[in-house]
Amino acid sequence: MRRRGGQRQISRLSVSRLGVRRIGEERRHQGPQDRELSTLVRGRGPQPRAPRAGGELQGVYLREPLRRGSAARGFPRRHAFLHPGRSVYTYRGNWKLQLDNGLDPYHLTTTHLSYMDLQARRRGGEGHLEARQYDWAKRNSAEGGTFALSHGHAATWLEQPEPEKRPIYPALAEIRARVGERRAEWMLKARNVHVFPNMQIADAITLMLRTFRPLAADRTEMKSWCLAPIGEAPELRAWRLRQFEDFFNPGGLATPDDTVTYEGCQSGFGAQPISFLQGYARGMAAMKAGADEAAASIGIRPEASVRGRFEMFSEVGFHAPYREWARLIQAGVAGRKAYP
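Under the numbering used here, the first residue of the sequence shown carries the number 264, and numbering increases by one thereafter.
Pasting the structure below:
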């Protein structure tokens, strides 16, 4: 910690001191559950890949090693792409508030009520329909679940009652032929994957990548990108981007709700402890150790699973990242290595 211009700043630390491994080193330490986590996204997981000279777009490419087969429209070269441009902003709150947000789908109906009301007005003919908004009342009755994975990773999923509003829907028949019925079905679901400690891949509104970096105990830098297939048809890319802009980032209709809530929570943390708070107990009665049917269907083995209607969504997803965070803090205080 050092001071610059009267403000406290956190010194940059090497990745080894933080217990974070570089890509090559991480592969040597991966266990089965680490590799299985990326099944929720696609393939065996994103791996950095430099763009080819003279490629379609300037940006970051992610390798997606899918099985060989006919190329689906929107996925012709089996690579995903971080669309050019990013959103960077800060909020006055702890970084773990964003961890909570990405694994807590049930806050939608209260935190984003104004967004849901606006969407209902659009469906009634007011304003434009370019963003192809969802009917959130239908999602409230959909089935979903949570997976608590090892090493602090976690994921949530939700059935998609309006799959026709997904940008990949026009290419669904081709995708099914290429990756199979089960994987195509999971591509249509809403999924949020938390990669511990501070990266989230969210595919609830449209596919996006988010990182959040602590600048201080009460200040966090957020970065987000829209993730899309290379070669996607222009009309589908526009569809994807309008959904991304409509919901996310400071100019969107939902992100300001979240950041204001983070800052309100941070202020509340300064109050005296209250004994009656239940912590992260919601959903524990429905929690199952190991894999449930949904996890087994895609071949992953979480430490715990929970499944039910969206209205009862649980806090089980918080358990894995907070246990890992506590373990790392305790190791640091005791002077132990974070990883063997």
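Glycine included, every Cβ here is placed at the ideal spot set by N, Cα and C.
G514 is classed as exposed because its beta carbon has fewer than 16 other beta carbons within 10 Å across all chains shown. With 16 or more other CB atoms across the displayed protein chains lying within 10 angstroms of its CB, L412 is buried. For P426, there is no enclosing alpha helix (DSSP H), as DSSP marks it with neither H nor E. With respect to the 9 Å criterion, T483 and N455 are not classified as neighbours on the basis of their beta carbons.
Between the alpha carbons of R572 and G598 lies a distance of about 44 Å. Here F475 is actually not in contact with G415; their C-beta atoms are around 14 Å apart, not less than 8 Å.
In the three-state reduction of the DSSP assignment, Y543 falls in the coil class, being assigned neither a helical nor a strand state.
In the structure shown, A491 adopts extended strand secondary structure according to DSSP, grouped into three states. The alpha carbon of M462 has as its nearest neighbour, out of L362, S530, G595, the alpha carbon of L362.
For R570, the enclosing beta strand (DSSP E) begins and ends at 567–572. Here DSSP, grouped into helix, strand and coil, assigns T474 to strand.
DSSP places R482 within a strand segment (E or B) once states are collapsed to three. According to the DSSP secondary-structure assignment, H416 is paired through a beta bridge with no residue.
Nearest in C-alpha terms to H375, of all of R439, A517, H457, is A517. One Cα belongs to S538, the other to A544, and the distance between them is close to 14 Å.
Counted as a single uninterrupted DSSP element, the beta strand (DSSP E) harbouring F410 occupies residues 406–411.
When the beta-carbon positions are compared, L371 and P430 stay at least 9 Å from each other. The closest CA to that of K359, considering only Y602, F581, P519, A436, is found on F581.
Residue pairing by DSSP places I464 opposite V456, L472 in a beta bridge. Assignment of beta-bridge partners to Y354 by DSSP yields T483. Looking at the backbone, the Cα of E495 and that of A501 are separated by about 10 Å.
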